[in-house]
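Residue numbers for the sequence shown follow full-length UniProt numbering, beginning at 1 and rising by one.
Even glycine gets a Cβ: it sits at the ideal position worked out from N, Cα and C.
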Amino acid sequence: LGCNTSETEQFFGHAYAYATSKATLNVVTRLLSVGLRDSNIVFVTLNPGYVDTDMNDHKGTSSPPESAESIVNIVTNLSMKDTGSSITPASSSETSSCRA
Numbered sequence: 001l002g003c004n005t006s007e008t009e010q011f012f013g014h015a016y017a018y019a020t021s022k023a024t025l026n027v028v029t030r031l032l033s034v035g036l037r038d039s040n041i042v043f044v045t046l047n048p049g050y051v052d053t054d055m056n057d058h059k060g061t062s063s064p065p066e067s068a069e070s071i072v073n074i075v076t077n078l079s080m081k082d083t084g085s086s087i088t089p090a091s092s093s094e095t096s097s098c099r100a
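Quick look at the structure:
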């Protein structure tokens, strides 16, 4: 799973190693979800959205506690039907044209 859009360029620019690590995480998650489907373990990637952190000079649209609460709510409600998916919390104002 990869995403090569102008939005990706806007956020990652020349951060090739960082962007590659995220793409690799998506692929590994998908492989595990298929290879271990019978294990009853849910594999997903969670995109926390644009969180207000040092990494983005505190320009994020949600606070770390808000993001954490949203992720806890998502993880609490995961089921095997979710395995292999990429999830962004509904409360995130981040938009993307990339879909799994």
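query = On the three-state DSSP scale, how would you describe residue 51?
reply = Indexing the sequence shown from 1 puts residue 51 at position 51. Strand at residue 51.
request  = Kindly indicate which three-state DSSP category residue 70 falls into: helix, strand or coil?
outcome  = Sequence index remark: in the sequence shown, residue 70 carries index 70 (1-based). Three-state result, residue 70: helix.
inquiry  = Quick check on DSSP: helix, strand or coil for residue 32?
reply    = Start at 1 with the first residue of the sequence shown, and residue 32 comes out as number 32. In this structure, residue 32 counts as helix in the three-state DSSP scheme.
Supposed contact pair residue 45 and residue 26 - C-beta distance, whole angstroms, cut 8 Å = In the sequence shown, counting from the first residue as 1, residue 26 sits at position 26. In the sequence shown, counting from the first residue as 1, residue 45 sits at position 45. About 6 Å separates the beta carbons of residue 26 and residue 45, which is inside the 8 Å limit, making them a contact pair.
request  = Within the same chain, show all residues whose beta-carbon is closer than 8 Å to that of residue 94, passing over the 5 residues directly before and after it, in chain order.
outcome  = Position 94 of the sequence shown, counted from the start, is the residue given in the question as residue 94. Here residue 94 scores only 47 on pLDDT, less than 50, and its place in the model is too uncertain to base an answer on.
ask   = Per DSSP, what kind of secondary structure is residue 62 in: helix, strand or coil?
value = For the purposes of this step, residue 62 is taken as the residue at position 62 of the sequence shown. Per DSSP, reduced to three states, the secondary structure at residue 62 is strand.
request  = Can you give me the Cβ contacts of residue 78 inside the same chain, cut-off strictly under 6 Å, excluding the 5 residues immediately before and after it?
outcome  = Reading the sequence shown from its first residue, position 78 is the one you call residue 78. Sequence-distant partners of residue 78 (beyond 5 residues in either direction) whose C-beta falls short of 6 Å from its own C-beta, in its chain, are 42.
query = Quick one, which of 22, 15, 90 has its alpha-carbon nearest residue 70's?
reply = The residue given as residue 70 occupies position 70 in the sequence shown. Residue 90 is the option with its Cα nearest to residue 70.
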